[in-house]
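What follows is a set of notes on a single structure, which appears directly below.
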Amino acid sequence: MFGYIYVNRKELSEEDRKDYQSYYCGLCQALRKSSGVKGQVLLNYDMTFLIILLSGLYELENKEEEFFCPLHPGKKKIAYINEVTQYASDMNVLLSYHNLLDDWQDEKNYPKHVMSMMLKKDYARISRKYPRQAEAVEAYMRKLNMLEHKRETNLDAIAGLTGEMLGEIFAWKDDIWSEELHCMGFYMGKFIYLMDAYEDLEKDLRKKEYNPFESMVKNSPQDFETLSKLILTSMMSECSKSFERLPILQHASIIRNILYSGVWSKYEYVQAKKKKRRKSQ
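Numbers 4 to 284, taken from our numbering, label the letters of the sequence shown in order.
If you want it as structure tokens, here you go:
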């Protein structure tokens with residue numbers, strides 16, 4: 004489900020592009036150190052966003068580490084490492100473990116089952132370290148499976164589960180910022196779930212699999228695109244409002260790039276595919 008919190012690299016300044024890449028590399032290095040190569044395979048942009056958000060809010064000081072990347076040999080890369088890097092790495096593993104289990108249960112994808120088994124010890128270690136977040140993810144998976152099994156049509160109810168879970172992940176510490184961070188994660192989570200459903204809608208309808216948008220597209224086919232875009236926009240609007248209420252100056256331009264542009268990359272991709280298909284018909 005994850006993989007929607009992208010950055011629009013074309014709109015970043017050279018300095019912001021360098022910073023973003025260095026945080027991304029920092030997350031990769033943290034995953035390697037704590038979980039080995041199998042951890043690096045889990046690397047995603049969602050947790051890179053969380054690192055940048057929390058680094059900016061708490062004004063964390065980065066340690067710059069030089070390293071050679073096997074994917075880009077010949078030139079040293081720079082990784083930014085700070086207090087939140089390991090937290091994001093651990094949350095990356097926590098979420099990925101359950102995603103892999105879910106894919107195994109839904110698709111009987113054996114390689115993903117093997118990967119989830121390889122992460123079992125890492126998951127247990129992280130669960131002991133962050134019991135609140137681990138319980139939030141486990142409760143989320145239980146409730147989500149239940150509502151998807153009963154083919155829930157209430158978008159708020161089912162998308163809100165992802166929101167509650169991601170809100171707990173975003174709230175790194177129990178302090179004066181935790182409520183606003185939780186709110187930001189809540190609406191970001193709802194957006195991610197619904198964006199995932201929007202992207203998969205045609206495939207799910209074809210395979211007769213559950214999709215929360217099924218009722219809407221069948222009852223209001225002419226208005227579906229307008230309504231779905233309005234819902235997605237309202238989720239990101241609330242998420243962005245929470246961000247703007249936080250006193251973040253450091254990396255604010257990168258965060259705004261992601262919130263106001265980057266997260267729409269998949270939506271624009273789906274729209275482009277639909278447009279191309281209409282032209283070919």
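All C-beta atoms, glycine included, are put in the ideal place defined by N, C-alpha and C.
Considering only the alpha carbon of each residue, which of Lys13, Asp19 and Tyr100 lies closest to Ile258? Asp19
Can you find the residues in the same chain that come closer than 6 Å, C-beta to C-beta, to Arg154, ignoring five residues on each side of it along the sequence? Tyr213
Proximity below 7 Å, CB of Leu56 to CB of Glu86: no
Quick one: what's got a C-beta closer than 7 Å to Phe47's C-beta in the same chain, skipping five residues either side? First, the residue type needs correcting, since residue 47 is Asn and not Phe in the sequence shown. Contacts found: Phe5, Gly6 and Asn95.
Per-residue DSSP class, three states only, for Glu244: The sequence given here has Lys at residue 244, not Glu. Helix, per DSSP.
Buried or exposed for Tyr272, please, with buried defined as at least 16 other CB atoms from any protein chain shown within 10 angstroms of its CB. exposed
Between Arg35, Gln136 and Asn260, which has its C-alpha nearest Ser122's C-alpha? Checking the sequence, you will find Leu at residue 122 rather than Ser. Ranking Arg35, Gln136 and Asn260 by Cα distance to Leu122 puts Arg35 first.
CB of Ile261 within 7 Å of CB of Phe71, strictly: no
Using only CA atoms, which one of Lys193, Met219 and Met191 lies nearest to Leu204? Met219
In angstroms with no decimal places, state the Cα-to-Cα distance between Ser38 and Ser283. 47 Å
Neighbour-count burial assignment, Gly29, 16 or more Cβ in a 10 Å radius: buried
My understanding is that Met168 touches Lys269, with C-beta atoms under 8 Å, so please give their C-beta distance in whole angstroms. So it is not a contact: roughly 20 Å between Cβ atoms.
If you run the structure through DSSP and keep just helix, strand and coil, what is Tyr213? coil
Given a cut-off of 7 Å on the beta-carbon distance, is the pair Asn11 and Ser237 in contact? no
Mind checking Asn157: buried by the 16 CB within 10 Å criterion, or exposed? exposed
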